[in-house]
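Protein chains: 2
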Amino acid sequence: MVKLIYRFNNFQTQGNPKEKNILGGKGANLAQMAKLGLPVPPGLTISTTICDYFYKNNKKIPKKIVQQTKKEIAIIEKITKKKFGGTLNPLLVSVRSGSRVSMPGMMDTILNLGLNDKTVIALKNNTSNGRFAKDSYRRFIQMYSNVVLGVESYLFEELIENYKHTKGVIQDTELDENDWDGLINNFKDVIKQKTKKNFPQDVNEQLWGAISAVFLSWNSKRARTYRKINYIPDHWGTAVNVQAMVFGNMGENCATGVAFTRNPSTGEKKLFGEYLLNAQGEDVVAGIRTPQNILTMNKSMPKIFQQLKKIFKQLENKYKDMQDIEFTVENNKLWMLQTRSGKRTAKAAIKIAVDMVKEKLITNKEAILRVDPNTLDTLLHPTLDEKAEKKIIASGLPASPGAASGKVTFSADEAERLKEQMQDTILVRIETSPEDINGMHAAKGILTARGGMTSHAAVVARGMGKPCVSGSSAIKVDYENKLFKSGNFEVKEGEVITIDGGSGKVMLGKVPTVKPDISGDFSTLMSWADKYRKLKVRTNAETPTDTKTARDFGAEGIGLCRTEHMFFDEERIISVRQMILSKTPEDREKALTKILPYQKSDFFEIFKIMNGLPVTVRLLDPPLHEFLPKTDKDIDDIAKELNISHHDIKSRIIELHEQNPMLGHRGCRLGISFPEIYQMQCQAIFEALAECKKQKIKLVIPEIMIPLVSTAAEIKILRSLVDKIAEKFQKANSIKIKYFVGTMIELPRAALRANDIAKYADFFSFGTNDLTQTTFGISRDDSGKFLNDYVENKIFNKDPFVSIDDKGVGELINIATERGRKQKKTLKLGICGEHGGDPASVEFCEKAKLNYVSCSPYRVPIARLSAAQAYLKKK
Amino acid sequence: MVKLIYRFNNFQTQGNPKEKNILGGKGANLAQMAKLGLPVPPGLTISTTICDYFYKNNKKIPKKIVQQTKKEIAIIEKITKKKFGGTLNPLLVSVRSGSRVSMPGMMDTILNLGLNDKTVIALKNNTSNGRFAKDSYRRFIQMYSNVVLGVESYLFEELIENYKHTKGVIQDTELDENDWDGLINNFKDVIKQKTKKNFPQDVNEQLWGAISAVFLSWNSKRARTYRKINYIPDHWGTAVNVQAMVFGNMGENCATGVAFTRNPSTGEKKLFGEYLLNAQGEDVVAGIRTPQNILTMNKSMPKIFQQLKKIFKQLENKYKDMQDIEFTVENNKLWMLQTRSGKRTAKAAIKIAVDMVKEKLITNKEAILRVDPNTLDTLLHPTLDEKAEKKIIASGLPASPGAASGKVTFSADEAERLKEQMQDTILVRIETSPEDINGMHAAKGILTARGGMTSHAAVVARGMGKPCVSGSSAIKVDYENKLFKSGNFEVKEGEVITIDGGSGKVMLGKVPTVKPDISGDFSTLMSWADKYRKLKVRTNAETPTDTKTARDFGAEGIGLCRTEHMFFDEERIISVRQMILSKTPEDREKALTKILPYQKSDFFEIFKIMNGLPVTVRLLDPPLHEFLPKTDKDIDDIAKELNISHHDIKSRIIELHEQNPMLGHRGCRLGISFPEIYQMQCQAIFEALAECKKQKIKLVIPEIMIPLVSTAAEIKILRSLVDKIAEKFQKANSIKIKYFVGTMIELPRAALRANDIAKYADFFSFGTNDLTQTTFGISRDDSGKFLNDYVENKIFNKDPFVSIDDKGVGELINIATERGRKQKKTLKLGICGEHGGDPASVEFCEKAKLNYVSCSPYRVPIARLSAAQAYLKKK
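In the order they appear, the protein sequences are chains A and B.
Just so we're aligned: the first sequence equals residues 0 to 874 in numbering that gives the first Met the number 0.
Just so we're aligned: the second sequence equals residues 0 to 874 in numbering that gives the first Met the number 0.
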């Protein structure tokens with residue numbers, strides 16, 4: 000038979016502290032403390048299984064549980080020498096929820112249960128403290144009535160406020176025993192009026208009312224919402240902990256407090272916390288009295304303080320982690336009420352992990368697993384000063400972390416102009432396009448009204464390590480009048496705003512930021528991660544700045560150098576446009592000849608920085624129309640410059656227009672239609688290599704990548720194009736050059752035909768952005784319109800553009816890996832989509848046995864840590 | 000050892016007539032005739048294997064072949080009692096190509112080989128016909144010099160023309176022996192001058208020159224182009240046939256002719272052909288003399304005629320097919336030179352197949368396999384009168400067969416206006432959108448400047464059975480000035496043009512058409528096909544007209560009823576737009592309430608016609624912006640009608656704009672975001688069913704189809720939505736209704752997750768249009784820009800939007816079928832993409848074990864025949 004109720008006390012503890020899924024987090028920790036012999040008030044845990052049963056059986060508690068609980072209450076009675084409902088020495092209990100993971104404030108708790116008109120008298124007598132007893136009773140009535148009986152809190156609060164007004168006092172503490180007595184009667188009247196019943200005097204009725212209420216609170220609206228946001232499954236359910244009450248407010252030899260075993264903000268190994276003498280737990284939180292630093296307890300309660308210190312050490316040794324603790328001192332006796340791994344900042348997480356290795360508490364492998372890679376992000380970007388005042392005017396998606404302030408500007412040109420004047424700007428656009436790249440470079444941050452976490456703005460901003468808030472749908476951008484509105488706020492061009500790309504918040508004015516301090520512990524942890532990971536970590540970069548940043552962050556190569564970004568430079572775009580507007584291959588080649596030296600020098604700079612590490616160069620990918628001007632004015636400018644008629648340019652733009660550019664004339668399809676473009680790009684790569692050789696720079700082996708392949712024929716044709724250029728170049732220059740040719744696997748058909756394609760490819764790089772788009776048939780740019788509906792309906796547990804969809808896209812990656820390697824054992828496999836910097840996706844890549852992941856420069860450390868974790872978890 | 004040379008004559012024939020891949024078509028047929036004992040001049044066939052060898056070995060003929068050929072020539076000498084190069088009775092031979100499939104006119108032939116300055120004298124003496132001998136020699140020199148030596152033909156033609164001019168004659172026949180003698184000397188001079196060598200007198204040198212030239216002609220530019228167009232693999236190669244010459248021009252007891260054993264145009268069982276007395280084969284073709292009807296031979300050469308008739312019957316009995324025959328009569332002796340299955344019209348194909356079953360020549364299974372399903376198309380649409388004069392002004396893709404004439408109109412509204420005036424129109428658009436539907440209905444035919452074989456215009460036109468020429472890129476449409484230009488032609492609105500959707504031609508003025516006569520043979524053949532096919536054939540239809548047409552053509556249900564087409568009707572579009580412009584679910588429901596009765600009556604009409612057959616109704620699929628107005632004027636109209644500001648409508652249009660609508664907020668994503676739309680549609684379906692019940696119409700079981708599913712959660716949610724509406728409806732109306740719920744599998748992820756999805760689906764319908772788009776990552780609307788490059792580079796052997804790509808898309812269909820049926824044995828599987836009417840794709844569906852195919856009404860007979868063929872081929 001499955002055990003459903005678990006006893007915990009200092010004599011016998013039945014639950015296995017490791018089984019959080021059965022005991023809930025709180026129950027497991029109580030069981031652990033009890034097993035360690037720490038002073039834990041005795042109690043019982045009703046397992047999460049019953050929650051499921053409760054919902055499946057018309058919200059009834061099974062009889063067996065009622066009987067077993069009675070038995071357990073008797074055990075508590077025996078240990079405490081008190082009696083539940085007893086009129087001499089009554090046992091009071093707390094009833095608390097406890098689910099597998101912490102859902103702070105989401106579910107209900109009831110304290111002081113067991114009080115009624117009779118037991119309250121006993122409590123008064125035993126404590127010789129009438130005010131304490133009555134105050135406890137009225138607190139219980141309030142809590143119980145609200146949680147179990149559904150009487151709204153404000154009704155009680157109003158009564159108290161009115162009474163205090165009449166009596167002419169301000170603080171609750173100014174009310175005495177009689178005052179509370181009177182209020183208790185008033186409370187009872189309200190309850191009778193609202194529920195048509197008297198407040199229950201039967202303590203068992205109280206108990207089962209409370210337990211049911213805790214189960215019911217699992218499905219409260221706020222709990223469901225919290226779970227939705229945090230991807231917590233509904234079927235987990237909550238456990239219920241029933242535990243003997245202890246009181247920190249029975250006199251001056253009582254106290255209550257919360258503490259962390261180490262500083263959760265800095266990680267410093269020093270007790271951190273606060274306590275209040277003669278108080279209940281909620282008083283510490285409520286902030287009516289100012290709690291004292293825990294260290295002062297050394298003077299006020301020296302024995303207890305020493306005992307606490309010892310317990311803290313014991314708990315850290317057991318959990319091998321920093322603990323977040325609650326305790327109560329009742330008449331000079333310490334009671335431990337809760338322990339759990341404490342939440343901490345990224346900085347603290349790293350310091351604690353590294354320190355604990357030094358202390359030999361954990362191994363460096365464990366240390367690696369302790370730090371959530373996603374939190375590293377906050378260490379790599381400037382963050383808003385937490386203490387500063389903020390006027391939040393809108394919010395959007397936290398698309399690229401970091402904070403930035405600057406003058407609002409609505410065009411890339413204006414952003415560039417202001418940058419020349421050394422002014423900081425925030426580029427605000429409905430959405431961005433590749434034409435905005437220069438403006439994005441010039442701006443300190445980017446804010447868009449449309450577009451998801453993987454929209455153009457988001458992807459480019461992350462690549463640049465620039466803060467970005469995307470899809471802030473409350474914002475109405477009015478380009479014409481150069482302003483944007485958000486609710487009642489109207490922000491004009493030139494006004495200063497601040498964006499926080501970590502939280503998605505948009506604020507008025509300049510909010511001060513603090514520069515992060517990447518301590519030595521950070522690099523210590525990273526060096527351990529590097530030791531254990533199998534996956535190589537490369538970066539997606541195409542500018543010397545990005546390349547340099549990525550190298551500093553530990554990138555071991557470039558996994559994706561997007562050559563088209565190089566085309567947008569102001570000096571070159573004119574030749575690029577001339578190339579596109581060419582009517583014959585000859586004219587096109589002429590224009591390409593002008594672009595060649597630029598590309599060559601781009602590659603040279605990158606090769607120089609990478610100094611022998613592999614560089615994957617993707618040949619031109621986006622449809623040509625992306626490079627053409629969009630406004631009539633721009634068209635006029637080009638027309639003048641190229642001596643072509645406005646009409647001709649417009650015709651070409653119309654001709655190149657596409658219904659679905661994502662599925663259009665792009666990628667290798669351009670290489671097939673206009674081989675001269677790819678020829679020029681290969682020529683530039685080889686010339687850059689030759690230049691490196693001349694300058695005695697360590698040679699990289701370029702990996703030339705053909706994008707958007709869906710058939711073996713495409714790569715076959717284009718590979719032979721590359722080989723021909725290489726052969727010609729080597730002959731003409733009498734030098735030997737080493738290079739690889741491979742392809743992106745970013746279409747379902749490419750994955751399925753990987754066996755054929757691998758014949759002509761030295762490597763595969765999974766382009767998971769496009770592979771996700773085509774596998775799901777979802778355009779990431781347009782997904783904003785329904786992604787919310789999809790998350791709300793739990794159709795997507797996670798945005799598949801953020802974390803690899805392992806069941807669909809993942810199967811295609813596995814198919815391609817298997818078929819590709821079957822054809823060619825030496826095939827090198829990597830991933831270069833946005834997913835390369837997502838820890839869950841990195842874990843997938845490790846399982847899929849890829850050779851490397853590639854991500855934006857600022858995510859390189861995250862990928863390094865994730866890769867190590869993935870490898871360690873697999874083992 | 001592999002045999003490389005095959006002898007054929009009336010004593011011994013080595014080749015197996017079935018091995019066309021070795022002997023080539025001509026060689027196989029010669030071998031067959033020889034085996035039948037028909038009078039075939041003796042000869043030899045060099046197998047196609049040597050062609051491959053030839054190209055792989057530096058274009059050399061292996062020595063072994065030279066030796067064996069010598070031996071075979073000796074055999075021919077023995078039979079003919081002539082000597083190759085002999086000066087008494089010289090053997091002359093023809094050297095002809097012969098590949099696996101006929102490539103008419105693509106490769107080279109040399110006749111009269113073996114003539115030189117000496118043998119020509121012998122020929123003269125033996126035939127007592129000096130003019131014949133010299134004429135034969137000069138023909139040989141011309142042919143050989145052109146084909147083998149590369150001397151251009153016009154040089155010889157010029158010499159003859161000049162000579163005739165000098166002599167003052169017009170016809171070649173007016174030149175005598177001496178004239179040819181002189182010209183032969185002039186020819187030789189030209190050859191010497193151009194090739195620096197004398198014309199070869201060695202007959203063996205002549206022979207090997209000719210054989211090599213035939214092999215070389217396999218790779219001539221025209222042959223390669225022909226193969227590319229007709230998807231003939233390059234590696235097949237050609238065989239070479241060397242055969243003793245016979246002459247139909249040695250005197251009045253000689254003749255030459257061509258004949259069909261039945262009429263290739265009508266299929267009538269009656270000899271059909273023509274001949275010339277005293278002539279060479281090329282004279283029949285050249286048209287200088289008018290050939291006589293073959294039937295007159297009964298008088299001119301009665302014995303030969305009887306012999307021919309007998310042979311024709313013998314050949315038909317052997318090949319069990321109508322034969323296309325060439326023969327020569329040399330000195331009253333009949334020689335058979337060629338036989339092959341004759342090309343025929345669709346009408347003839349059907350009549351011949353049905354007749355031959357009646358004649359017990361073939362079985363009805365064989366008859367089914369005899370008719371190319373694609374050709375049926377020409378029988379189902381009116382066709383242009385072949386005899387009429389035509390002024391072709393442009394050409395495009397043959398997007399939907401049939402011919403139509405009408406006044407050019409550039410807008411859907413104008414087409415409708417003219418239709419009310421009973422005027423025929425051709426709707427000319429750059430491309431069409433769903434808004435043009437009414438205009439397309441009103442017009443007699445559609446012509447677009449952009450868009451492929453599966454563009455909106457093409458798909459809708461085929462669905463309507465309306466002629467369409469799409470992607471006619473030569474056409475420049477000028478909406479503003481209401482005209483289009485094509486080359487030097489300018490066609491204004493109101494001028495009449497004719498389009499031929501079968502050939503893709505656009506003609507000025509009205510070209511008369513003929514209505515096809517679907518004879519009883521057609522339905523006989525169809526009834527046999529129905530007997531043998533396993534696949535059910537449904538149709539894609541949503542209007543009563545289409546539904547009726549499809550039923551008449553034998554559709555067994557509707558596989559795809561696209562409800563959005565019903566939204567475009569003028570009366571309803573306003574409510575549809577109101578619905579889209581609604582800001583709250585309540586407003587949306589109000590607008591939907593107005594649409595409900597229309598949808599109900601649509602469904603009722605369709606259910607009535609289908610009379611109990613299954614009907615698959617696809618819930619709303621396209622993105623909402625497709626329904627919104629596009630021009631400022633239209634926006635104004637709507638604004639007035641709905642009392643909304645122009646600005647508000649424009650904002651909504653901008654808000655709904657999508658980068659890649661194909662991958663946007665459409666399909667079931669609409670159902671998730673706006674469940675009230677799907678609710679209304681289900682309500683309409685159920686109300687229509689109730690109406691049928693009331694009117695005692697046989698009830699269909701509707702199959703409600705959820706489009707664009709990529710996760711099980713989507714179909715789970717939407718299925719429960721349908722079930723809820725059904726339950727409510729049944730309760731409210733106290734009736735029982737039967738229905739199925741299923742999904743389209745049109746995204747790669749849906750195919751991969753078929754196991755999960757099948758839990759909530761009663762049927763899968765493969766939407767191969769979108770599945771092809773997403774699997775390849777190609778937008779069919781945009782593919783026109785590179786599809787040509789792809790076909791030219793042999794990347795696509797077939798347009799994957801026309802014939803299912805069995806290696807990619809096909810694998811996904813197989814995966815989905817297997818996984819879906821594993822989850823649910825009873826799962827019904829069909830296909831409803833455009834591919835459903837493509838014979839090769841139907842064959843794929845039969846292999847994939849689907850239950851049905853669904854296609855546009857006019858392709859239903861094609862699908863029926865294809866399904867039968869697929870089943871018979873599989874067995």
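Quick reminder that beta carbons are idealized off the backbone N, C-alpha and C, glycines included.
As the structure is a computational prediction, the values presented were derived from the model and not from experiment.
Residue i classed as buried or exposed, judged by whether at least 16 other C-beta atoms fall within 10 angstroms
i      : result
A/D722 : exposed
A/H164 : exposed
B/G149 : exposed
A/G519 : exposed
B/Q170 : exposed
A/M421 : exposed
A/F800 : buried
A/V1   : exposed
Contacts that residue i makes with chain B (C-beta to C-beta distance below 8 Å)
i      : result
A/D781 : E657, Q658, N659, P660, L662, G663 and H664
Cα-Cα separation, residue i to residue j
i      : j      : result
A/I361 : A/K319 : 7 Å
B/V740 : B/F685 : 13 Å
B/D545 : B/G553 : 12 Å
B/S340 : B/A222 : 22 Å
A/R99  : A/T344 : 22 Å
A/V427 : A/M249 : 59 Å
A/P199 : A/T118 : 13 Å
B/Y876 : B/R416 : An answer regarding residue 876 of chain B cannot be provided, because it is not within the stretch 0 to 874 covered by chain B.
A/E385 : A/I705 : 47 Å
B/V189 : B/T108 : 22 Å
Contacts that residue i makes with chain B (C-beta to C-beta distance below 7 Å)
i      : result
A/T710 : I794
A/E713 : I794
A/Y230 : Chain B residues near A/Y230: none, gap ~14 Å exceeds 7 Å.
Per-residue contacts from residue i into chain B (C-beta, under 9 Å)
i      : result
A/P584 : Near A/P584 there are no residues of chain B at all, since even the closest Cβ is about 13 Å away, more than 9 Å.
A/D520 : By Cβ distance, chain B contributes nothing, its closest Cβ being about 42 Å from A/D520, past 9 Å.
Strand pairing of residue i, partner residues [DSSP]
i      : result
A/Y274 : A/G256 and A/Q291
A/D881 : Only positions 0 to 874 of chain A appear in this structure, which leaves residue 881 of chain A out of reach.
Exercise for the section: Please confirm if the stretch 10-17 of chain A is in contact with the stretch 33-51 of chain A, defined as three or more CB-CB distances below 8 Å between the two stretches. Expected result: yes
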